[in-house]
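Structure record follows, encoded as structure tokens.
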Amino acid sequence: GCVEHVASPASTDSRNIRPTLLVSRLYQPSNLRDLGKDTQGEMTCKSQRLMQQAGLIHPSNPGCYYYLPATVRSMEKLMRVIDQEMQGIGGQKLDMPSLCSADLWKSSERWDLMGKELLRLKDRHGADYCLAPTHEEAVTTLVAHQTTLSYRQFPLLLYQITRKFRDEPKPKFGLLRGREFYMKDMYSFDVSEEAAYQTYESVCHAYSRLFTRLGLRCVQVQADTGNIGGKLSHEFQLPADIGEDRLLVCGNCSFSANVETMSSDRTDCPQCKFGKLVESKGIEVGHTFYLGKKYSQVFNANFSNAQNKFSIAEMGCYGLGVTRILAAAIEVMSTEEGIRWPGLLAPYQVCVLPPKKGSKVDEVAGLAEELVHTLEETLPRLRGEVVFDDRTQMTIGKRLKDASRLGYPYVIVAGQGALEETPKFEVICQQTGDTVFLSKDGLLDLL
Ligand code: ATP
Ligand code: MG
Ligand code: MG
Ligand code: MG
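Sequential numbering of the sequence shown, starting at 233, is according to UniProt numbering.
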């Protein structure tokens with residue numbers, strides 16, 4: 233990935249070793265001047281507070297944030313995992329314009345249906361546009377423009393990871409509900425309803441794999457199709473008290489649904505007719521829809537079938553809230569004091585702390601810096617992932633507190649133990665809270 237490296241004065245020697253990421257140089261503005269409540273925004277939930285305090289995000293206007301460098305690193309990692317899963321089932325990545333002509337949205341009738349949530353604007357000629365909240369119209373038009381589309385190209389799965397715009401009535405909870413946010417949206421085109429259901433299944437499986445890899449326990453629930461339309465729909469919900477969705481899960485069978493899908497709020501399971509439904513709250517991190525011909529009919533997205541006749545494509549669409557997943561993971565995994573990340577998403581994997589300048593063990597500072605290079609050179613997956621907390625005017629305790637707040641999975645302290653014949657380092661695994669003392673070799677084994 234693109235990692236900004238800052239040259240360390242200590243590493244400009246002739247060995248041509250990699251420059252070090254120095255904490256003193258990382259742009260993580262946490263102690264921002266008090267600009268008043270309007271600019272700081274209201275702290276509405278844990279993830280927002282922790283992310284703002286650790287210099288990961290900064291509010292600009294309601295529902296819009298600066299994503300600061302550590303957040304961008306984390307998002308790039310998340311996007312890579314999403315790319316792997318989507319491409320693993322045949323998805324091809326593209327990128328569509330955010331500026332969308334009103335004509336498209338009028339054709340699908342969503343120009344009116346979307347109401348105030350659609351951010352509208354006019355260009356210099358007075359033509360109406362919107363900032364796309366989703367891309368069914370755009371992608372279907374694109375596919376419809378290809379006159380030579382053949383059934384041999386199906387299933388066709390196109391996806392993108394882009395900013396989406398929605399004028400939410402109540403933007404809040406930091407990145408959980410923004411007015412400008414990142415979404416992965418995939419659209420599928422199939423020859424028949426049957427084939428479309430198969431594609432639908434394979435996307436749901438890819439979503440489950442994704443959340444498992446991230447270490448997030450999601451529940452897949454039956455969902456309402458809202459103004460996107462279609463017949464079959466599921467949401468991927470991350471159980472959390474601050475979640476805005478109410479879920480009903482049967483204690484006896486596999487039934488689970490968003491309350492929105494139920495005509496009356498019932499307590500007996502409609503599937504097994506025996507179990508009791510238990511209500512809980514969730515954060516919607518993903519949503520899948522079977523669309524049928526709803527959009528392909530309107531935009532005339534057809535292909536030539538095996539009999540060489542034109543046929544209308546069967547569609548599905550599948551969203552993942554990229555920025556929401558990041559904040560939701562922080563929300564459910566963190567403590568009140570510090571961020572805890574899914575291992576795959578931590579902005580940096582390791583932080584190495586040399587002793588305070590002038591302390592009794594000052595002399596081991598060199599060993600600590602050497603360790604950074606050994607880790608990066610020996611373990612390829614740690615390349616560009618190890619930061620060195622060079623703020624040696626600060627006590628270890630103070631710097632540990634910062635490290636705990638940012639949530640590096642591993643924090644390594646060079647202290648007293650590093651003076652031993654075989655130097656030992658204190659290793660704190662922040663996920664588990666465990667502390668162990670390890671030699672360099674032991675450390676390499678652990679990491
Ligand atoms: P919600 O019910 O939370 O408003 P939605 O049902 O309107 O979400 P979809 O249209 O299903 O959202 O969009 C796909 C995904 O995009 C959602 O599952 C969610 O993860 C994400 N998402 C939707 N709205 C936002 C938002 N305002 N901020 C961040 N992520 C969002
Ligand atoms: Mg919504
Ligand atoms: Mg929803
Ligand atoms: Mg939804």
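Beta carbons are placed, not taken as given, at the ideal position from N, Cα and C, and that holds for glycine.
- The DSSP-derived three-state label of S279 is helix.
- Spanning the alpha carbons of L390 and T567 requires a straight line of approximately 38 Å.
- When DSSP states are grouped into helix, strand and coil, A472 belongs to the coil group.
- Unbroken alpha helix (DSSP H) runs of no fewer than 4 residues, entirely contained in the stretch 292-334, are found at 301-320, following chain order.
- Within the stretch 431-512, the complete beta strand (DSSP E) runs of at least 3 residues fall at 451-454, 464-471, 477-482, 488-490.
- Ranked by Cα distance from P471, the options R312, G518, G322 are led by G518.
- Going by DSSP, K354 is part of the beta strand (DSSP E) stretching over 351-354.
- Taking the C-beta atoms as reference points, Y527 is found no nearer than 9 Å to E658.
- The beta carbons of I544 and L310 sit about 35 Å from each other, so the pair does not count as a contact at 8 Å.
- Counting C-beta atoms within 10 angstroms of its own C-beta, V604 has 16 or more neighbours from the protein chains shown and is therefore classed as buried.
- Leaving aside the five residues that flank A560 on each side, the residues in its chain whose CB is nearer than 6 Å to its CB run, in chain order, L470, I515, V517.
- The beta carbons of R623 and I571 sit about 19 Å from each other, so the pair does not count as a contact at 8 Å.
- Sorting V582, R615, K656, W573 by C-alpha distance to the C-alpha of V596 places K656 at the top.
- Judged by their CB atoms, V453 and V423 are not nearer to each other than the 9 Å cut-off.
- In the structure shown, M547 falls within a strand segment according to DSSP collapsed to helix, strand and coil.
- By the neighbour-count definition (other C-beta atoms within 10 Å, threshold 16), A538 is an exposed residue.
- Contact between the stretch 400-416 and the stretch 440-459 is absent: fewer than three C-beta pairs spanning the two stretches fall below 8 Å.
- Relative to D473, the option among P301, E467, K505, K513 whose CA is nearest is K513.
- In this structure, the beta-carbon distance from G575 to Q663 falls below 9 Å.
- In the DSSP annotation of this structure, M346 is not part of any beta strand (DSSP E), being labelled neither H nor E.
- No residue range can be given for D594, since it is assigned to no alpha helix (DSSP H) and is classified by DSSP as neither H nor E.
- Its chain contains L603, T606, P655, F657 as the residues whose beta carbon lies nearer than 8 Å to that of K672, once the 5 sequence neighbours on both sides are disregarded; these appear in chain order.
- Under DSSP, R395 takes part in a beta bridge, and its partners are Y414.
- Excluding the 5 residues flanking it on each side, S279 has same chain C-beta neighbours closer than 6 Å at G406, A559, I562, E563, in chain order.
- Taken through DSSP and simplified to helix, strand or coil, G524 comes out as strand.
- Between L577 and V313, the alpha-carbon positions lie close to 9 Å from each other.
- Nearest to D355 by alpha-carbon distance, out of C332, A370, M346, is C332.
- Cα atoms of A600 and P579: separation of roughly 21 Å, rounded to the nearest angstrom.
- Three or more beta-carbon pairs separated by less than 8 Å are not found between the stretch 410-418 and the stretch 279-290, which leaves the two stretches without contact.
- Excluding the 5 residues flanking it on each side, Q625 has same chain C-beta neighbours closer than 8 Å at K588, K589, in chain order.
- Residues Y259 of the same chain have their beta carbon placed closer than 6 Å to that of P301, with the five preceding and five following residues left out of the count.
- Close CB contacts of L464 within its chain, under the 6 Å cut and outside five residues either way in sequence, are with Y522 (chain order).
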